[in-house]
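Engineer:
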Amino acid sequence: MIYSVPVNDACEVPMLAEAGAGELYCGLQEPWWTERYGNHDSISRRQGRANLESRDALAATVSLAREYRLPLLLALNGQYDERQLDYLTQLAREFQEMGGAGIIARDLGLLMRLEEDGNGLKRVCSLLAVCANAPTVAAYARLGVSRVVFPRFLDARAVGEIVRTCASQGVRVEAECMVFFDKCPLVDGYCTHYHGVSYPDRTGGDARLQGAPLHSFCTTYRTHACLGRSCDYLEPYPCAACEVDRLERHGVAFGKIGGRGRPLEERVRALEFLRVAQAQGCDEDRRQRYVQTFGQPCACYYGDAIQDRTAIEPIRLATRPNRAYVGDLRDGSLLRSSIRELRGVSGSCTVLVGPLPQSELEPGRWEGTCRLLRDILADGSLSSVCLCVSDVGALVLFAQACESIRESLGSAWSGTLAVEPGPLLTRGDKPAEYERFLSPDQNPSRPVWDLDGNPRTLTYQSPPPSLVEHWSRGMAFDARVSYQRALLRVMSS
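The opening position of the sequence shown corresponds to residue 107 in our numbering, with each subsequent residue numbered one higher.
#1: With distance defined between alpha-carbon atoms, name the residue in Asn114, Ala281 and Thr326 nearest to Gly361.
#2: How about the region 121-128 and the region 370-379: do they share at least three Cβ pairs that are nearer than 8 Å?
#3: Under three-state DSSP, which class holds His576?
#4: Which residues bound the beta strand (DSSP E) around Val613?
#5: To the nearest angstrom, report how far apart Tyr396 and Ala245 are at their CA atoms.
#6: Among the residues of its own chain, which have a CB less than 8 Å from the CB of Arg355, if the five just before and after it don't count?
#7: Alpha helix (DSSP H) containing Ile482: first to last residue?
#8: For Phe504 and Glu188, I'd like the C-alpha separation in whole angstroms.
#9: Give the secondary structure of Glu447 by DSSP, where H, G and I count as helix, E and B as strand, and everything else as coil.
#10: Determine whether the beta carbon atoms of Gly184 and Arg219 lie at a separation below 9 Å.
#11: What is the DSSP secondary structure of Glu513, reduced to helix, strand or coil?
#12: Any chance you could list the beta strand (DSSP E) runs of at least 3 consecutive residues sitting entirely within the region 184-246, in chain order?
#13: From Ser443 to Thr456, what distance separates their C-alpha atoms?
#14: So Ser496 and Pro550 are in contact, right, with Cβ under 8 Å, and what is the actual spacing, rounded?
#15: I'd like the span of the beta strand (DSSP E) that includes Leu544, first residue to last.
#16: Between the region 458-470 and the region 478-488, can you find at least three pairs of beta-carbon atoms closer than 8 Å?
#17: So, helix, strand or coil for Pro561, using DSSP?
#18: Using 10 angstroms around the beta-carbon of Val587, count the other beta-carbons present and answer buried if the total reaches 16, otherwise exposed.
#19: Kindly indicate which residue of Arg212, Pro546, Val277 and Leu515 has the alpha-carbon position closest to the one of Ala484.
#20: Can you pull the DSSP bridge partners for Thr271?
#21: Consider the Cβ of Ile209: report whether some Cβ of chain B lies at a distance smaller than 9 Å.
#22: Quick check on the burial criterion: 16 or more other C-beta atoms within 10 angstroms. Buried or exposed for Thr167?
#23: For Met121 and Ala347, I'd like the C-alpha separation in whole angstroms.
#24: For the beta strand (DSSP E) containing Ala181, name the first residue and the last one.
#25: Give the single residue among Gly409, Ala238 and Trp577 whose Cα lies nearest to the Cα of Gly460.
#26: Is the separation between the beta-carbon of Thr565 and that of Thr325 shorter than 9 Å?
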């Protein structure tokens, strides 16, 4: 397996190469971006030291990576407005000229702009895109994606099934899966609101306010860097060593090591451990090696440890108060149950459809789902149904299916059947969060540990006016022209 490893500084390249990295990836957050949009993760889903700070630093990292024959990818895996896309398209062009190898992206608008710009960089689809089924992979492939980082709630068998289905339809993509660090059930496409640096809380006798303050637009957010101290679903060193062989058998060629921003020694230790563990043929030996290396019981990434997506709070569309809502964004496998709930509902209704697993889109089951929807509509009690779909592949299939359903119903049903992109596709941030970001009263100071284990105080900082304007208007779906054009392209292909 080729291990893709984060690099935070050009000087780290030799040590990562010696430890066995097969590929490197990095972020870039230039000072002007921080001044305009704040020191949070809007450009690459990581902030602070997880990013290089200048074009010169990026060029130096590219140069040294090429010297060690390591491809370097640039993470541009946020969601962006049109003004940001102008900058990012130019940055990608310059990165290609430097000798960079590829871009890690999830924003359809950015992928569309790279296509139109004739950019030759390899395009890797971020796990934030939630490619949980073959039609979604195919949709991203139509925008030039040649590798997919699959969401971490899929096991090896599920990933293999998607890759094989794509290949049978002439869509060939490389597969990549997470194998170390950064296991959080909120990240894969669901963590889309802005927040500042996040650290684990200090408790008990450790809860003394000391150390230089850390400034954040949101002092209440406790997910990304909790490192297992305050959240029982997080572990400091989640590991897939026992799963690597199985992932490879199912067609996964790349293993992604997270931890962009972690100390170099931690990333090197994880990489060296994975290489040694892969050479061992027994899972028990790997577990013993894990304990020896990290000083704690094994924390598995996959298998029984896969996290249930129902941990995600369902999202309601507040802009439609006069509609009934069926289903939620937590578990796409409940699609048929959600459609059955339409029986007996009158008037207007919205069905919220989360990212669908591949099993829901297998031909026989999918055809059965479409027949069920048609039969319920034929009963005539519904005047309007809107399917609000949150993965690109299902959006394309629903658009095709609904056209056929309308034709087959003819005059038997005079209502309206519509399909539209759901919140996970259209939103950049949650509008309901804006007021909290603007309120010191809702963001009290609290004692935390920083990533180096030092006691700090997380303190509220008011967002600059340009960032507030960006939150309020720039990320509105109707202002994201390139994103809309990309959706139209994949839906019409």
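Heads up, the beta-carbon is just placed ideally off N, CA and C, and yes, glycines get one too.
Structural biologist: In terms of the structure at hand:
#1: Locating residue 361 in the sequence shown gives position 255, where the first residue counts as 1. Comparing Cα-Cα distances from Gly361 to each of Asn114, Ala281 and Thr326, the minimum goes to Ala281.
#2: yes
#3: Counted from its first residue, the sequence shown places residue 576 at position 470. It is helical.
#4: Outside the modelled stretch of the chain, which goes from 107 to 599, sits residue 613, for which no answer is possible.
#5: The sequence position of residue 396 within the sequence shown is 290, counting from 1. The sequence position of residue 245 within the sequence shown is 139, counting from 1. C-alpha separation (whole angstroms): 39 Å.
#6: For this step, residue 355 is matched to residue 249 along the sequence shown. Counting only Cβ-Cβ distances below 8 Å, and skipping sequence neighbours, we find Ala262 and Gly266.
#7: As a working mapping, residue 482 is identified with position 376 in the sequence shown. From DSSP, the alpha helix (DSSP H) with Ile482 extends over Pro469 to Ala484.
#8: Translated into positions along the sequence shown, residue 504 becomes position 398. Translated into positions along the sequence shown, residue 188 becomes position 82. If I take the Cα positions, the gap works out to 28 Å.
#9: Here the question's residue 447 lines up with position 341 in the sequence shown. Coil at Glu447, not helix or strand.
#10: On the sequence shown, position 78 is the one that residue 184 refers to. On the sequence shown, position 113 is the one that residue 219 refers to. Contact: no.
#11: Numbered from its first residue, the sequence shown carries residue 513 at position 407. Reduced to three states, the DSSP call for Glu513 is helix.
#12: 208-211 and 228-231
#13: Mapped onto the sequence shown, residue 443 falls at position 337. Mapped onto the sequence shown, residue 456 falls at position 350. When rounded, the distance between both Cα atoms is 14 Å.
#14: Position 390 of the sequence shown, counted from the start, is the residue given in the question as residue 496. Position 444 of the sequence shown, counted from the start, is the residue given in the question as residue 550. The Cβ separation is near 33 Å, so there is no contact.
#15: Indexing the sequence shown from 1 puts residue 544 at position 438. Counting along the chain, Leu544 falls outside any beta strand (DSSP E), and DSSP gives it neither H nor E.
#16: no
#17: The sequence position of residue 561 within the sequence shown is 455, counting from 1. Note: Pro561 maps to strand in three-state DSSP.
#18: Locating residue 587 in the sequence shown gives position 481, counting from the first residue. Val587 should be labelled exposed.
#19: For the purposes of this step, residue 484 is identified with residue 378 of the sequence shown, where counting begins at 1. The option with the nearest alpha carbon to Ala484 is Leu515.
#20: As a position in the sequence shown, residue 271 is number 165, starting the count at 1. Per DSSP, none; premise fails for Thr271.
#21: Here there is only one protein chain, and chain B is not present.
#22: Sequence index remark: in the sequence shown, residue 167 carries index 61 (1-based). Per the 10 Å Cβ criterion, buried.
#23: As a working mapping, residue 121 is identified with position 15 in the sequence shown. As a working mapping, residue 347 is identified with position 241 in the sequence shown. Cα-Cα distance, rounded: 21 Å.
#24: Position 75 of the sequence shown, counted from the first residue, corresponds to residue 181. Segment Leu178 to Leu182, the beta strand (DSSP E) holding Ala181.
#25: Sequence index remark: in the sequence shown, residue 460 carries index 354 (1-based). With distances taken between Cα atoms, Gly460 lies closest to Ala238.
#26: On the sequence shown, position 459 is the one that residue 565 refers to. On the sequence shown, position 219 is the one that residue 325 refers to. Yes, these two residues count as a Cβ contact at 9 Å.
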